[in-house]
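Numbering (the numbering used here), first residue to last: 65 to 302.
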């Protein structure tokens with residue numbers, strides 16, 4: 065089976081403009097999260113789409129789902145998020161296994177709730193890559209020179225730009241593989257994780273690349289929010 069996991073457990077601390085997590089802010093006529101969820105629902109390969117949210121916002125999210133996506137309510141489940149991003153992923157996996165049982169065939173497509181411009185092409189290519197390779201990440205070639213600094217004051221290194229990529233999401237996996245790799249990590253190894261793909265990298269499991277898009281932006285700051293609003297207005301005018 066194939067499952068989507070929309071990660072909406074954050075509280076939007078960098079937005080500084082609302083009393084609610086950024087995934088619930090309006091974008092056009094719908095919340096950001098609903099835009100993202102609708103993109104997943106257009107992909108008929110998903111058997112279920114899970115939304116992992118902060119425990120305090122589970123009821124609110126269930127109400128949003130009922131209001132905006134009642135036509136597909138049987139394909140959506142809302143679960144409490146964990147203490148961090150990967151904790152939320154593991155909570156989604158636990159919910160899937162509780163309902164459908166564990167299986168080596170299960171695929172999991174994880175995605176930021178605040179990337180509402182993901183495309184059907186990206187979702188389908190993630191599913192295909194996860195099925196073939198076990199793990200994949202959606203990326204874009206870096207267009208700017210990347211500067212590394214170990215102390216935040218002086219340059220330590222400037223890696224060759226041709227080898228640098230900017231990570232996006234989705235990130236997709238054979239579910240049993242991701243779970244087993246995560247469970248093999250020590251507490252110190254888990255502490256340095258920034259996303260799900262790093263679970264694989266730490267254990268030296270190859271992660272394949274899927275082409276992202278310049279429009280697949282993550283809404284993190286007020287500037288991002290303004291750009292997203294302009295993008296939605298342009299799409300509605302077309």
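Every residue gets a Cβ at the ideal spot worked out from N, C-alpha and C, and that includes glycine.
For clarity, every value in this text was computed on a predicted model and none was experimentally measured.
Test item: CB-CB of residue i and residue j under 7 Å
| i | j | result |
| --- | --- | --- |
| residue 70 | residue 177 | yes |
| residue 72 | residue 113 | no |
| residue 273 | residue 211 | no |
| residue 201 | residue 261 | yes |
| residue 266 | residue 253 | yes |
| residue 67 | residue 160 | yes |
| residue 234 | residue 175 | yes |
| residue 125 | residue 142 | yes |
| residue 209 | residue 225 | yes |
| residue 182 | residue 145 | no |
| residue 232 | residue 280 | yes |
| residue 136 | residue 89 | no |
| residue 257 | residue 150 | yes |
Residues of its chain near residue i, where Cβ-Cβ distance is below 6 Å and the 5 sequence neighbours each way are ignored
| i | result |
| --- | --- |
| residue 289 | 283 |
| residue 87 | 72, 96, 97, 177 and 178 |
| residue 237 | 172, 194 and 199 |
| residue 170 | 65 and 239 |
| residue 271 | 199, 201, 261 and 264 |
| residue 103 | 182 |
Close Cβ partners of residue i (< 7 Å) along its chain, the five nearest in sequence each way excluded
| i | result |
| --- | --- |
| residue 121 | 85 |
| residue 107 | 184, 187 and 188 |
| residue 99 | 91 and 180 |
| residue 248 | 267 |
| residue 213 | 219 and 220 |
DSSP beta-bridge partners of residue i
| i | result |
| --- | --- |
| residue 171 | 66 and 238 |
| residue 289 | Per DSSP, none; premise fails for residue 289. |
| residue 198 | Note: residue 198 sits in no beta bridge, so no partner. |
| residue 72 | 117 |
Residues of its chain near residue i, where Cβ-Cβ distance is below 8 Å and the 5 sequence neighbours each way are ignored
| i | result |
| --- | --- |
| residue 18 | This structure cannot settle anything about residue 18, because the visible part of the chain is limited to 65 through 302. |
| residue 292 | 91, 96, 180, 181, 281 and 283 |
Inset, instruction - Assess, as a yes-or-no matter, whether the stretch 234-251 is touched by the stretch 147-167 under the definition of 3 or more beta carbon pairs within less than 8 Å. - result: Using a C-beta cut-off of 8 Å, the stretch 147-167 makes contact with the stretch 234-251, since at least three inter-stretch Cβ pairs fall below that distance.
Legend entry - Every unbroken beta strand (DSSP E) within the stretch 85-168, with a cutoff of 3 residues, ordered by chain: DSSP runs (the beta strand (DSSP E)) wholly in the stretch 85-168: 112-117 and 140-144.
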